[in-house]
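Have a look at the structure below before the remarks.
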Amino acid sequence: MTFQQSFKLTRFAPTPSGYLHLGNVYSFILTYHLAKKHQSKIMLRIDDIDRDRMKNKYIQDIFDTLDFLEIPFDLGPKDLKDFQKNYSQMNRLELYREALAQLKEKRTLFACDCSRKKIEKMDPNGYYTGFCRKRNLDFNQKDIAWRFKVDKHQEVSFIDLKDGLVTGKIPGILADFIVRKKDALPAYQLTTIVDDLFYGVDLIIRGKDLWGSTMAQVYLSKQLLNNYYSQSTFYHHPLIKGLNNQKLSKSAGDTSVQFLRKSGKKKEDVFQLIGILLGEKRNFRSLSDFSLVV
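As structure tokens, this is what we get:
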């Protein structure tokens, strides 16, 4: 059962931390067809806040891939220069700071100096134990991350496109998640909320691996002055797996669309390969063919 029939805006939201792989393209494909089905416009939003991992060549690859596969979008940057000038997350730092100030005002944040190594030493699963919650560290001292206090017993509800109201708890791996990193830049769990509010996104399409992040973001958003994000509708799609039955990953060096393109493959070949990885018996050769699986 579909909870809502039409939406104003959804988005492609790739991270320029590597060349796009087939899993990224599959997400674009599903977003395109769901937007078409629900009369929504699509915005291209590139998440470049992680300055250590982003590279201009990866941003350019996003434009090249969408152009090569002829996957359209309605709003957002048209090229690298336009992105840097008008759409980079670095242009919205003040909005992120305002959101952080709201959270700090409500005493929902605490300062933490724990390293990943220290966290893993305290918990074999790598879950944060809340070690710094009562240490009252100075928010402004060097090498300090800001964490959002999570009540592990609190249930969180969000609207699912297929199932309506869904309720669950934030997974342990996201206990007291970081909203401002040690480099003083805002973290993903905060920026994605602020960005979607800023642009007016009301349909959020993402992989099932981000289900926990959805819970965390809805939970956090209710502490902001503008909590419209919690009223958004979400769709979590299955992940494409490689021949080794593992989730595709940029960091693992899985085959990129750029590699396929430079190897002489055509867009039809890329669509066909995605269909094969999905286990489809039908021969998918175009963007429109995937309307059959949405």
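Just so you know, the sequence shown maps onto residues 736 to 1029 in this note's numbering.
Cβ coordinates follow ideal geometry from the N, Cα and C atoms, glycine included.
Problem - Neighbourhood of G946 by C-beta distance below 7 Å, restricted to the same chain and skipping five residues each side - result: For the purposes of this step, residue 946 is identified with residue 211 of the sequence shown, where counting begins at 1. Note on identity: in this sequence residue 946 is Trp, with Gly being the wrong assignment. Counting only Cβ-Cβ distances below 7 Å, and skipping sequence neighbours, we find H971.
Problem - Cβ shell of Y754 (< 6 Å), same chain only, five flanking positions each side left out - result: Translated into positions along the sequence shown, residue 754 becomes position 19. Contacts found: D796, S991 and Q993.
Problem - DSSP beta-bridge partners of F893 - result: By one-based count along the sequence shown, residue 893 stands at place 158. As a beta-bridge residue in DSSP terms, F893 pairs with V901.
Exercise for the section: Determine the direct distance from the alpha carbon of D783 to that of M789, and round the result to whole angstroms. Expected result: By 1-based counting over the sequence shown, the position of residue 789 is 54. By 1-based counting over the sequence shown, the position of residue 783 is 48. Rounded to the nearest whole angstrom, the CA to CA distance from M789 to D783 is 6 Å.
Exercise for the section: State whether the segment 765–784 contacts the segment 1002–1015, with contact taken as three or more CB pairs (one from each stretch) at a distance under 8 Å. Expected result: Remark: fewer than three beta-carbon pairs, one from each stretch, lie closer than 8 Å, so the segment 765–784 and the segment 1002–1015 are not flagged as touching.
Handout entry: Close-in-space but distant-in-sequence residues of the same chain around A880 (CB under 7 Å, 5 per side omitted)
Key = Translated into the one-based positions of the sequence shown, residue 880 becomes position 145. Excluding sequence neighbours, A880 sits near C847, I913, R915, K916 and K917.
Problem - As assigned by DSSP and simplified to three states, the class of T695 - result: Shown here, the chain extends from 736 to 1029; a query on residue 695 therefore has no answer.
Problem - CB of I928 within 8 Å of CB of Y964, strictly - result: Locating residue 928 in the sequence shown gives position 193, counting from the first residue. Locating residue 964 in the sequence shown gives position 229, counting from the first residue. A distance below 8 Å separates the beta carbons of I928 and Y964.
Handout entry: Own chain, CB closer than 7 Å to P973, minus 5 neighbours either side, in chain order
Key = Indexing the sequence shown from 1 puts residue 973 at position 238. Closer than 7 Å at Cβ, skipping near neighbours: K943.
Practice task
Would you list the residues sitting across from C849 in a DSSP beta bridge?
Solution key: Position 114 of the sequence shown, counted from the first residue, corresponds to residue 849. Looking at the DSSP output, C849 bridges to nothing.
Exercise for the section: Just grab the DSSP bridge partners of Y793 for me. Expected result: Here residue 793 is taken as the residue at index 58 of the sequence shown, counted from 1. DSSP output for Y793 lists no bridge partner at all.
Exercise for the section: Pull up the distance between the alpha-carbon of V936 and that of S967, whole angstroms please. Expected result: For the purposes of this step, residue 936 is taken as the residue at position 201 of the sequence shown. For the purposes of this step, residue 967 is taken as the residue at position 232 of the sequence shown. Linking V936 to S967 through their CA atoms gives a straight-line distance of about 8 Å.
Handout entry: Residues near V891 by beta carbon distance below 6 Å, same chain, minus five either side
Key = For this step, residue 891 is matched to residue 156 along the sequence shown. Sequence-distant Cβ neighbours of V891 in its own chain, meaning closer than 6 Å and more than five residues away, are M950, V953 and Y954.
Practice task
Ignore the nearest five residues each way along the sequence and tell me which others in K772's own chain have a CB closer than 7 Å to its CB.
Solution key: Residue 772 sits at position 37 when you count from the first residue of the sequence shown. Spatial neighbours of K772 in its own chain (CB-CB distance under 7 Å, excluding positions within 5 residues in sequence) are listed in chain order as V1029.
Problem - Spatial neighbours of L938 in its chain, beta-carbon cut-off 6 Å, leaving aside the 5 residues before and after - result: For the purposes of this step, residue 938 is taken as the residue at position 203 of the sequence shown. Taken in chain order, the residues that qualify are F742, T745, S775 and T968.
Handout entry: Coil, strand or helix - F883 by DSSP
Key = Position 148 of the sequence shown, counted from the start, is the residue given in the question as residue 883. Correct three-state label for F883: strand.
Exercise for the section: To the nearest angstrom, report how far apart R851 and L765 are at their CA atoms. Expected result: Taking the sequence shown and counting its residues from 1, the one referred to as residue 851 is at position 116. Taking the sequence shown and counting its residues from 1, the one referred to as residue 765 is at position 30. If you draw a straight line from the Cα of R851 to the Cα of L765, it is about 35 Å long.
Problem - T745 - DSSP class collapsed to helix/strand/coil - result: Here residue 745 corresponds to residue number 10 of the sequence shown, with the count starting at 1. The three-state secondary structure of T745, taken from DSSP, is strand.
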